[in-house]
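J.: In our numbering, the protein residues as written are 554 to 835. The C-beta atom is built at its ideal place from N, Cα and C for all residues, glycine as well. Got a structure here, written out as structure tokens. Questions coming.
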């Protein structure tokens, strides 16, 4: 029977989960949301033949205008290259129908997926690097004058989203929905506040190896005033107090301000580097 391509439904959840957990050709975006939570959003496409799911591709825009490849998975009996060349054009067509300009992006963690991207419309744009803090020494205190750091509250999230969108280029922005999920999952989340205005924030989650700083942002107007450093050191103090000896963070290889901040606080590059590919959707 000729394979068909269709939008995934809730009834496909178990079959998609089997693809994710048991197949070799699986790409998962590093995200606060597991892939199956995107199943009710479009495009989330599957290839089906004789009532068997052979492949899946999910890239719903979030926030609007940015579509990360959140899942690509293929069964062993189906060619990954065929699956990609069938699914991506359909997904791209769906994205092109969006009211807003959409930029597709992906961080391929495996060579086979990078090879597929290089044969299609995706272009390498930059790299993500990983830094780690060992917990051996705390960086010196350097208070940001007039700024108070306090625990983040759920009602802060709309203001946090505004800071996030002002601080980052579109491909790295978080939607309010994603920030809400990150906040619920956080082991530590704080904001920098002055005069009742939120100037910056950080959200950190737990990993098997320690803590991971998922996001640190300061509104552009207030950058260069020590607020990011104050947020970071405050986090490191608590991590050490709670017995977590390692904290990791990712940033772009060409973000010199970010690299300088983390290295000033005692972070060191681990050598882990991941490529970022992008594709404009007209």
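In this structure, how does DSSP classify residue 568 when only helix, strand and coil are distinguished?
T.: Indexing the chain shown from 1 puts residue 568 at position 15. The answer is helix: DSSP assigns residue 568 an H, G or I state.
J.: Between the segment 627-637 and the segment 599-618, are three or more C-beta pairs nearer than 8 angstroms?
T.: Short answer: they touch.
J.: Grab me the residues of residue 709's own chain with a C-beta within less than 7 angstroms of its C-beta, minus the 5 sequence neighbours each way, in chain order.
T.: The sequence position of residue 709 within the chain shown is 156, counting from 1. Result list for residue 709: 744 and 751, in chain order.
J.: So the alpha helix (DSSP H) residue 594 belongs to, where does it begin and stop?
T.: As a working mapping, residue 594 is identified with position 41 in the chain shown. Run containing residue 594: none; DSSP gives neither H nor E here.
J.: Tell me, to the nearest whole angstrom, how far the beta carbon of residue 580 is from that of residue 622; I am working on the premise that it is less than 8 angstroms.
T.: Here residue 580 refers to the residue found at position 27 of the chain shown. Here residue 622 refers to the residue found at position 69 of the chain shown. With 8 angstroms as the limit, residue 580 and residue 622 qualify as a contact, their Cβ atoms being about 7 angstroms apart.
J.: Quick one, which of 819, 685, 571 and 814 has its alpha-carbon nearest residue 762's?
T.: The residue given as residue 762 occupies position 209 in the chain shown. Measuring from the Cα of residue 762, the nearest candidate turns out to be 685.
J.: Please return the same chain residues whose Cβ sits closer than 6 angstroms to the Cβ of residue 811, not counting the five positions on each side in sequence.
T.: Position 258 of the chain shown, counted from the start, is the residue given in the question as residue 811. Same-chain partners within the cutoff: 804.
J.: Pop quiz: residue 695 and residue 748 are said to be a contact at Cβ under 8 angstroms. What is the actual Cβ separation, rounded to whole angstroms?
T.: On the chain shown, residue 695 is found 142 positions in, with the first residue counted as 1. On the chain shown, residue 748 is found 195 positions in, with the first residue counted as 1. 21 angstroms between Cβ atoms; not a contact.
J.: Should residue 820 go down as buried or exposed, given a rule of 16 or more other Cβ atoms within 10 Å for buried?
T.: In the chain shown, the residue the question calls residue 820 occupies position 267. It counts as buried.
J.: Which residues does DSSP list as the beta-bridge partners of residue 754?
T.: The residue you call residue 754 lines up with position 201 of the chain shown. DSSP, once it has assigned bridges, lists 744 and 770 as partnering residue 754.
J.: Would you mind reading off the limits of the beta strand (DSSP E) that contains residue 775?
T.: In the chain shown, counting from the first residue as 1, residue 775 sits at position 222. Residue 775 -> no beta strand (DSSP E), and no H or E assigned at all.
J.: How do the segment 653-669 and the segment 753-762 stand: do at least 3 beta-carbon pairs fall below 8 angstroms, yes or no?
T.: Touching, no.
J.: According to DSSP, is residue 759 part of a helix, a strand, or is it coil?
T.: By one-based count along the chain shown, residue 759 stands at place 206. Note: residue 759 maps to strand in three-state DSSP.
J.: Identify which residue in 676, 726 and 818 has its Cα closest to the Cα of residue 829.
T.: As a first step, residue 829 is located in the chain shown; it is residue number 276 there, counting from the start. The shortest C-alpha separation from residue 829 is found at 676.
J.: Taking 7 angstroms as the cut-off, decide whether the C-beta atoms of residue 688 and residue 777 are in contact.
T.: In the chain shown, residue 688 corresponds to position 135, counting from 1. In the chain shown, residue 777 corresponds to position 224, counting from 1. No; because the gap between Cβ atoms is not below 7 angstroms, this pair is not in contact.
J.: From the DSSP secondary-structure annotation, give me the bridge partner or partners of residue 826.
T.: Taking the chain shown and counting its residues from 1, one reaches residue 826 at position 273. Per DSSP, 682.
J.: With a threshold of 16 other CB atoms inside 10 Å of the CB of residue 690, please say whether the residue is buried or exposed.
T.: Position 137 of the chain shown, counting from 1, holds the residue named residue 690. Result: exposed.
J.: Between the C-alpha atoms of residue 586 and residue 737, what's the straight-line distance to the nearest angstrom?
T.: Along the chain shown, one-based indexing puts residue 586 at 33. Along the chain shown, one-based indexing puts residue 737 at 184. Approximately 11 angstroms between the Cα atoms of the pair.
J.: Going by CA-CA distance only, name the one from 576, 794, 564 and 662 that's closest to residue 632.
T.: On the chain shown, residue 632 is found 79 positions in, with the first residue counted as 1. Nearest option by C-alpha distance: 576.
J.: Looking at residue 705 and residue 742, is the spacing between their C-beta atoms short of 7 angstroms?
T.: Here residue 742 refers to the residue found at position 189 of the chain shown. Here residue 705 refers to the residue found at position 152 of the chain shown. Yes; because the gap between Cβ atoms is below 7 angstroms, this pair is in contact.
J.: Reducing DSSP to helix, strand and coil, say where residue 780 ends up.
T.: The residue you call residue 780 lines up with position 227 of the chain shown. DSSP places residue 780 in helix when its eight states are reduced to three.
J.: What three-state label does DSSP hand residue 621 in the structure shown?
T.: Along the chain shown, one-based indexing puts residue 621 at 68. Here residue 621 sits in strand by DSSP.
J.: Leaving out five residues on either side along the sequence, give the residues of the same chain with a beta carbon under 8 angstroms from the beta carbon of residue 701.
T.: As a position in the chain shown, residue 701 is number 148, starting the count at 1. The residues are 745, 746 and 747.
J.: With DSSP collapsed to three states, give me the class of residue 585.
T.: Translated into the one-based positions of the chain shown, residue 585 becomes position 32. Here residue 585 sits in coil by DSSP.
J.: Would you mind stating whether residue 712 and residue 773 have Cβ atoms separated by less than 7 angstroms?
T.: As a first step, residue 712 must be located in the chain shown, where it is residue number 159. As a first step, residue 773 must be located in the chain shown, where it is residue number 220. No, they are not a contact pair.
J.: Apart from the five residues on each side of it in sequence, which residues of its chain come closer than 6 angstroms, Cβ to Cβ, to residue 764?
T.: Taking the first residue of the chain shown as 1, we reach residue 764 at position 211. Around residue 764: 757, 792, 797 and 800.
J.: For residue 771 and residue 717, I'd like the C-alpha separation in whole angstroms.
T.: For this step, residue 771 is matched to residue 218 along the chain shown. For this step, residue 717 is matched to residue 164 along the chain shown. Residue 771 and residue 717: Cα-Cα distance of roughly 8 angstroms.
J.: How big is the Cα-Cα spacing for residue 665 and residue 794?
T.: Start at 1 with the first residue of the chain shown, and residue 665 comes out as number 112. Start at 1 with the first residue of the chain shown, and residue 794 comes out as number 241. If you take the alpha carbons of residue 665 and residue 794, they lie about 42 angstroms apart.
J.: For the segment 658-709, which segments carrying the alpha helix (DSSP H) assignment without a break, of at least 4 residues, lie completely within its bounds, in sequence order?
T.: Listed in chain order, the complete alpha helix (DSSP H) runs (minimum 4 residues) inside the segment 658-709 are 664-671.
J.: List the DSSP bridge partners of residue 800.
T.: Numbered from its first residue, the chain shown carries residue 800 at position 247. Answer is 686 and 764.
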